[in-house]
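Undergrad:
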Amino acid sequence: MEPGQVGGVVDSLKNSGINRHDMIISSFDEAKFKSMNADAIDNHISATVKTEQDDPGRLKSFLESLNELNHDSGIVVFVKAARHKAQEVKSVMEQSGAIEIKIDDDKD
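Per our numbering, the sequence shown starts with residue 21, numbered consecutively.
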């Protein structure tokens with residue numbers, strides 16, 4: 021996603037009932053992600069991640085999902101949502117200009 025699209029997608033997700041604390045937003049930066057991964061392993065949240073929640077497990081999920089991305093630049097928006105909201109979130113992301121959308125069907 022391009023930087024100028026982030027505000028719109030966040031607003032649209034919030035309007036669809038997703039809380040801001042269920043989103044992680046970051047620029048795609050491999051060195052920063054390696055540092056964040058080390059922080060997640062040490063069980064604390066890195067200040068370089070824009071998030072309103074403090075769950076190291078969610079940060080680990082975010083970092084693991086990055087390994088499967090095909091692009092190497094832009095803004096990453098990670099959304100934790102109930103399974104029944106997945107298609108709505110996907111639709112909002114597509115309408116907001118997301119280049120790549122990954123839906124994690126993990127039941128944890």
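Just so it is clear, CB atoms sit at the ideal spot from N, CA and C, and this is done for glycine as well.
When you compare each of ALA106, GLU22, SER46, ALA118 to ILE38 by their alpha carbons, which one comes out closest?
TA: Checked all of ALA106, GLU22, SER46, ALA118; the closest Cα to ILE38 is ALA106.
Undergrad: ILE123 to VAL26, Cα distance in whole Å?
TA: 18 Å
Undergrad: Taking all protein chains shown into account, decide if SER36 is buried (16 or more other Cβ within 10 angstroms of its Cβ) or exposed.
TA: exposed
Undergrad: Leaving out five residues on either side along the sequence, give the residues of the same chain with a beta carbon under 6 Å from the beta carbon of LEU33.
TA: VAL112
Undergrad: Within the continuous beta strand (DSSP E) that includes SER47, where are the two ends?
TA: First-last of the beta strand (DSSP E) with SER47: 43 to 47.
Undergrad: Give the range of the alpha helix (DSSP H) segment to which LYS34 is assigned.
TA: Its alpha helix (DSSP H) spans residues 26 to 35.
Undergrad: Tell me, please, which residues DSSP counts as bridged to PHE98.
TA: ILE44
Undergrad: Let's see if you can read the secondary structure: which residues bound the alpha helix (DSSP H) around SER116?
TA: Note, SER116: premise wrong, no alpha helix (DSSP H); not H, not E.
Undergrad: Roughly how many angstroms separate the alpha carbons of MET43 and LYS100, rounded to a whole number?
TA: 6 Å
Undergrad: What is the rounded straight-line gap between the Cα of ILE45 and the Cα of VAL30?
TA: 9 Å
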